[in-house]
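For the sequence shown, the residue numbers in mature numbering (1 follows the signal peptide of the UniProt record, and there is no 0) are -21 to -1, 1 to 61. We treat Cβ as the ideally placed atom computed from N, Cα and C, and that holds for glycine. Below is one structure; the comments refer to it alone.
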Amino acid sequence: MGHKVIFILAIILTLALSTLAQAEAEICAVASHARSNCGYPGITREKCQNKGCCFDDKIPGVPWCFYPAVVDEVPLKEECNS
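The structure is reproduced here in structure tokens:
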């Protein structure tokens, strides 16, 4: 019986992770012309995602770090700590 429980838990975990990945892909599915810049030129994928933004560097000439499709609040400006 222990093997069945582990197998069922593994299936549940796999389904949960695939659902999360799909949800993230849908949130970041923003048309290139509709992207609102969330970063700065040269920002890395890691820094962009740490800000809670999406990163896609496949299309030149548009923001690569951009706000997700569903945003509670877009800041009007970003303050720099100098």
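Around the C-beta of residue i, are 16 or more other C-beta atoms found within 10 angstroms, so that it is buried, or is it exposed?
| i | result |
| --- | --- |
| ILE38 | exposed |
| ILE22 | buried |
| PRO20 | exposed |
Go ahead and pull the three-state DSSP assignment for residue i.
| i | result |
| --- | --- |
| CYS17 | coil |
| CYS44 | strand |
| CYS27 | helix |
Between which residues of its own chain and residue i is the CB-CB distance below 6 Å, once the five residues before and five after are set aside?
| i | result |
| --- | --- |
| ARG24 | PHE34 |
| SER11 | ILE38 and VAL41 |
Tell me which same chain residues have a C-beta within less than 8 Å of the C-beta of residue i, skipping the five on either side of it?
| i | result |
| --- | --- |
| TRP43 | GLY18, ILE22, CYS27, PHE34, ASP35 and ASP36 |
| CYS32 | CYS17, GLY18, CYS44, PHE45, TYR46 and PRO47 |
| ILE6 | CYS33, PRO47, ALA48 and VAL49 |
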